[in-house]
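Okay, so here's the structure we're looking at.
2 protein chains.
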Amino acid sequence: MPKIVVDVMPKAELLDPQGKAVTGALNRLGTSGISEVRIGKRFELTTDGPVTDELRAQVQQIADDILSNSVIEDVVNIDFGADA
Amino acid sequence: MPKIVVDVMPKAELLDPQGKAVTGALNRLGTSGISEVRIGKRFELTTDGPVTDELRAQVQQIADDILSNSVIEDVVNIDFGADA
Chain A
1 MPKIVVDVMP KAELLDPQGK AVTGALNRLG TSGISEVRIG KRFELTTDGP
51 VTDELRAQVQ QIADDILSNS VIEDVVNIDF GADA
Chain B
85 MPKIVVDVMP KAELLDPQGK AVTGALNRLG TSGISEVRIG KRFELTTDGP
135 VTDELRAQVQ QIADDILSNS VIEDVVNIDF GADA
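Line by line, the protein sequences are chains A and B. Using the numbering used here, the letters of the first sequence correspond one by one to residues 1 to 84. Using the numbering used here, the letters of the second sequence correspond one by one to residues 85 to 168.
Below, the structure is given as structure tokens:
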């Protein structure tokens with residue numbers, strides 16, 4: 001079955017304490033070359049059937065309304081072509 | 085600066101209660117066509133400089149050891165080519 005991938009990230013102007021904690025941990029562990037880590041979510045939606053235009057519109061709506069909180073997060077990418 | 089994206093998902097054989105909750109919510113809200121939702125993490129690592137082979141190896145190591153818990157999660161993708 002086709003898989004749709006929705007990527008949601010915290011807005012750029014927000015602090016993202018979880019990402020800051022990982023950045024700090026990497027520095028403490030001696031990793032060099034990485035200046036910032038930000039952590040978002042990746043949703044994999046498995047569909048019942050083929051990806052129609054109607055389903056695309058519905059997933060766009062779901063991504064904006066349910067999977068992300070538009071006050072603090074952005075939907076950065078929706079990939080309709082991922083295989084299961 | 086270049087951005088490296090690491091995608092981590094719960095292993096296929098695990099239940100993913102968070103995803104199950106979203107699947108249930110979508111069904112209650114009358115969405116059709118989506119049979120399953122699984123929720124993972126998306127890490128965006130901003131690098132200090134260009135992505136060298138050494139940095140690639142280091143990021144692979146970080147993804148496996150720090151960003152994911154190999155008991156319950158898989159690193160499904162590392163994209164070294166994402167632009168900032």
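Heads up, the beta-carbon is just placed ideally off N, CA and C, and yes, glycines get one too.
Checklist entry - Mind pulling the chain A residues with CB within less than 7 Å of F127(B)? => result V37, I39
Item to check | Through-space distance from P94(B) to V59(A), alpha-carbon basis | outcome: 22 Å
Next on the checklist: Would you call the segment 112–119 of chain B in contact with the segment 52–71 of chain A, where contact means no fewer than 3 C-beta pairs closer than 8 Å?
Outcome noted: yes
Item to check | Distance, D148(B) Cα to Q61(A) Cα | outcome: Q61(A) and D148(B): Cα-Cα distance of roughly 34 Å.
Checklist entry - Quick one: is K95(B) near chain A, going by C-beta distance under 8 Å? => result no
Checklist entry - What are the partner residues of N153(B), as DSSP defines its beta bridges? => result DSSP, once it has assigned bridges, lists no residue as partnering N153(B).
Checklist entry - When you check each C-beta in the segment 142–154 of chain B against every C-beta of chain A, which residues fall closer than 8 Å? => result Contact residues of the segment 142–154 of chain B toward chain A are Q142, V143, I146, I150, L151 (C-beta to C-beta distance below 8 Å).
Item to check | Beta-bridge partners of I62(A), as assigned by DSSP | outcome: DSSP lists no partner for I62(A).
Checklist entry - Unbroken alpha helix (DSSP H) runs of length 4 or more, entirely within the segment 99–123 of chain B: which are they? => result 101–112
Checklist entry - Which residue's Cα is closest to the Cα of E97(B): V155(B), L113(B), I162(B)? => result The residue with the shortest Cα to Cα distance from E97(B) is V155(B).
Checklist entry - Is N77(A) helix, strand or coil by DSSP? => result strand
Next on the checklist: On the CB-based measure, 16 or more other CB atoms within 10 Å of its CB, does D163(B) come out buried or exposed?
Outcome noted: exposed
Item to check | Alpha carbon of D16(A) to alpha carbon of T131(B), nearest angstrom | outcome: 17 Å
Checklist entry - Which residues in the same chain have their Cβ closer than 8 Å to the Cβ of V75(A), if we skip the five residues on either side of it in sequence? => result V6, D7, V8, A63, D64, L67, S68
Next on the checklist: Between D91(B) and chain A, is the shortest Cβ-Cβ distance under 8 Å, so that the two count as touching?
Outcome noted: Yes, because at least one Cβ of chain A sits closer than 8 Å to the Cβ of D91(B).
Item to check | Contact set for K125(B): own chain, Cβ-Cβ below 7 Å, skip 5 residues either direction | outcome: Scanning its chain for C-beta atoms nearer than 7 Å, with the 5 sequence neighbours on each side dropped, one finds around K125(B) the residues V92, in chain order.
Checklist entry - Roughly how many angstroms separate the alpha carbons of L26(A) and K87(B), rounded to a whole number? => result 16 Å
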